[in-house]
Ligand code: BGC
């Protein structure tokens, strides 16, 4: 799994004002109704405006927003998330392809920078498709939100499927029976996994076993959808079987057969949670030109659009099945937590959720930290903890301008941001806590007393990696929180999607027929690249291919479990 980060200073914020428009004009047509929130961050002579459009009327498949500036404000083109233009004082914003459909109750956020002189009075009226936005709902009608027949949180009141294949491997390890009953993800990591591979039963056999485990009660079945064309474009360890341009095989040879099986009536009472395409969309934000962290493969996948199309296709197809709950992979805080990565990631999620027939209502939520090692909670500091007179965010190598230092705060903020864009307010987050425990003797038990910010953070942090860009078989890691439902606000569940004991990648070249390459981030002697800020890889040695059983890692994860076993 690739990761990356980029540090960026933030704009100087001098003044922030927010105002909400709810005028009293009667709508010209009952079908169009809207509310617009216009908020600015003003630094004197210039400002950033965020414009949140909420559709209170019937669904629209394209929109044009109009307003007039009271003063001499000028939009600095191009603006974002819309096509912006200005004529005199009149400003028009029309939708982009990904945010054109706005269902009833849906919102989208667009914005721009602007200049002005004199005063910066906010516009007072907005129109959508020619109708004034009064903030009034046109009347009763179907509200947004989840299908009433579906659980808002599928994990609530349900047990979660235990994969017998993983369970057998865990049980074969000394001490492994302590965790062998934990639910872990079932990975469809190539077409052959659908029918079954040596040592791993196929999807039908899993689902039949899930029905047996359910015994008539609610049961969540967690399946990982992970086989995009050109998979894993920023790393080599989990390169996939499909060529970068082979979107057709992805659709008809991978997603369609999975959808056909999941839709069978025999499985209609299972709550099927899909984890959609780890790392793919985040890679298109951070690991592309012109960034220093770019890779050729990610540039290709961005240019050919096949990650966006593939995710859209999967969301649409799988989302059509009434008992499927789609969660899209959103990376983790040590990758997407920087300002220049965070909202662009939400935006590409919106783009994918509107591609290939998908709509944002096909998305039940997002998952953070899949197969990664980012700590759930940094207990002894936040990004804003002041040491040496300034927040650690601003002057430490570890935090390095990131807004977040742990997964819980990141996941909750990501959910809020997704809701502010195209996604429903009812979405929930999952956090993969399979390997982010960081217990054992090296775990700090209190905040450092150092007044040097770097020393303070390094002595206080629970995440013991060299850098949060490290992702392969991390030395010193432990099992994290055990899977459970409703652990925190906005979080549907802690889950173990990465099965503990399965390698992230080989520590040296191993020939294979699974399409898996050798990534030096899995080599303990590797000194890094721009995606981990040129740090040591921190990987364990003697590791097998990704997905293969790694006994030594399993033992270390148990020894360093937090909470302890
Ligand atoms: C591998 C998959 C494997 C999964 C779960 C990924 O890194 O590429 O083949 O199924 O991990 O262990």
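In mature numbering (1 follows the signal peptide of the UniProt record, and there is no 0), the protein residues as written are -30 to -1, 1 to 535. Glycine residues also receive a C-beta, built at the ideal position from the N, C-alpha and C atoms.
Cβ-based neighbour list, residue i, same chain, cut-off 6 Å, excluding 5 preceding and 5 following
i: residue 129; result: 189
i: residue 365; result: 423
i: residue 480; result: 515
i: residue 227; result: 164
i: residue 211; result: 160, 485
Straight-line Cα distance separating residue j from residue i
i: residue 178; j: residue 240; result: 10 Å
i: residue 495; j: residue 482; result: 22 Å
i: residue 71; j: residue 218; result: 25 Å
i: residue 33; j: residue 187; result: 45 Å
i: residue 225; j: residue 287; result: 8 Å
i: residue 139; j: residue 208; result: 21 Å
i: residue 135; j: residue 469; result: 11 Å
i: residue 289; j: residue 352; result: 37 Å
i: residue 384; j: residue 29; result: 25 Å
i: residue 183; j: residue 175; result: 12 Å
i: residue 534; j: residue 526; result: 12 Å
i: residue 500; j: residue 94; result: 47 Å
i: residue 103; j: residue 1; result: 12 Å
i: residue 507; j: residue 221; result: 35 Å
i: residue 300; j: residue 487; result: 24 Å
i: residue 519; j: residue 133; result: 15 Å
i: residue 152; j: residue 451; result: 11 Å
i: residue 51; j: residue 322; result: 14 Å
i: residue 276; j: residue 410; result: 42 Å
i: residue 393; j: residue 304; result: 23 Å
i: residue -10; j: residue 293; result: Note that residue -10 scores a pLDDT of 38, beneath 50, so its modelled location is shaky; the value from the coordinates is reported in the next line. The alpha-carbon atoms of residue -10 and residue 293 are separated by roughly 39 Å.
i: residue 57; j: residue 295; result: 45 Å
i: residue 199; j: residue 150; result: 33 Å
i: residue 529; j: residue 141; result: 16 Å
i: residue 396; j: residue 243; result: 16 Å
i: residue 250; j: residue 266; result: 14 Å
i: residue 80; j: residue 47; result: 13 Å
i: residue 431; j: residue 503; result: 18 Å
Three-way DSSP call (helix, strand, coil) for residue i in this model
i: residue -5; result: Confidence is the limiting factor: at residue -5 the pLDDT is only 32, short of 50, which leaves the residue's position unreliable and the question unanswerable from this model.
i: residue 219; result: helix
i: residue 525; result: helix
i: residue 518; result: coil
i: residue 109; result: Reliability of the predicted coordinates at residue 109 is poor, the pLDDT of 46 falling under 50, and no value is obtained from them.
i: residue 283; result: helix
i: residue 305; result: helix
i: residue 539; result: In the structure as shown, the chain starts at -30 and stops at 535, and residue 539 therefore has no counterpart that could be examined.
i: residue 101; result: strand
i: residue 48; result: strand
i: residue 183; result: helix
i: residue 310; result: helix
i: residue 125; result: coil
i: residue 153; result: coil
i: residue 83; result: strand
i: residue 38; result: strand
i: residue 501; result: helix
i: residue 57; result: strand
i: residue 427; result: helix
i: residue 488; result: coil
Proximal residues to residue i (C-beta, below 8 Å), its chain only, five neighbours per side dropped
i: residue 456; result: 123, 125, 126, 462, 463
i: residue 512; result: 477, 522
i: residue 467; result: 154, 155, 192, 194, 245, 337, 340, 341, 400, 402, 404
i: residue 387; result: 312, 313, 316
i: residue 459; result: 382
i: residue 64; result: 32, 33, 34, 35, 52, 53
Sheet register partners of residue i (DSSP bridge)
i: residue 24; result: 5, 77
i: residue 472; result: 519
i: residue 70; result: Answer is none; residue 70 lacks a bridge partner.
i: residue 192; result: 243
i: residue 444; result: 509
i: residue 171; result: 166
i: residue 361; result: 356
i: residue 17; result: 12, 84
i: residue 333; result: For residue 333, which the question treats as bridged, DSSP gives no partner whatsoever.
Contact set for residue i: own chain, Cβ-Cβ below 7 Å, skip 5 residues either direction
i: residue 196; result: 157, 158, 159, 247, 248
i: residue 269; result: 258, 259
i: residue 279; result: 217, 325, 326
i: residue 421; result: 357, 358
i: residue 434; result: 408, 412, 446
i: residue 333; result: 285, 296, 298, 323, 393, 397
i: residue 254; result: 268, 271, 272, 277, 318
Inset, instruction - Determine, using beta-carbon pairs with one atom in the segment 406 to 418 and one in the segment 308 to 315, whether at least three such pairs fall under 8 Å. - result: no
Inset, instruction - Would you check if there are 3 or more beta carbon pairs closer than 8 Å linking the segment 437 to 452 to the segment 378 to 386? - result: no
Legend entry - the segment 81 to 89 touching the segment 30 to 49, judged by at least three CB pairs closer than 8 Å: Output reads yes: the segment 30 to 49 touches the segment 81 to 89.
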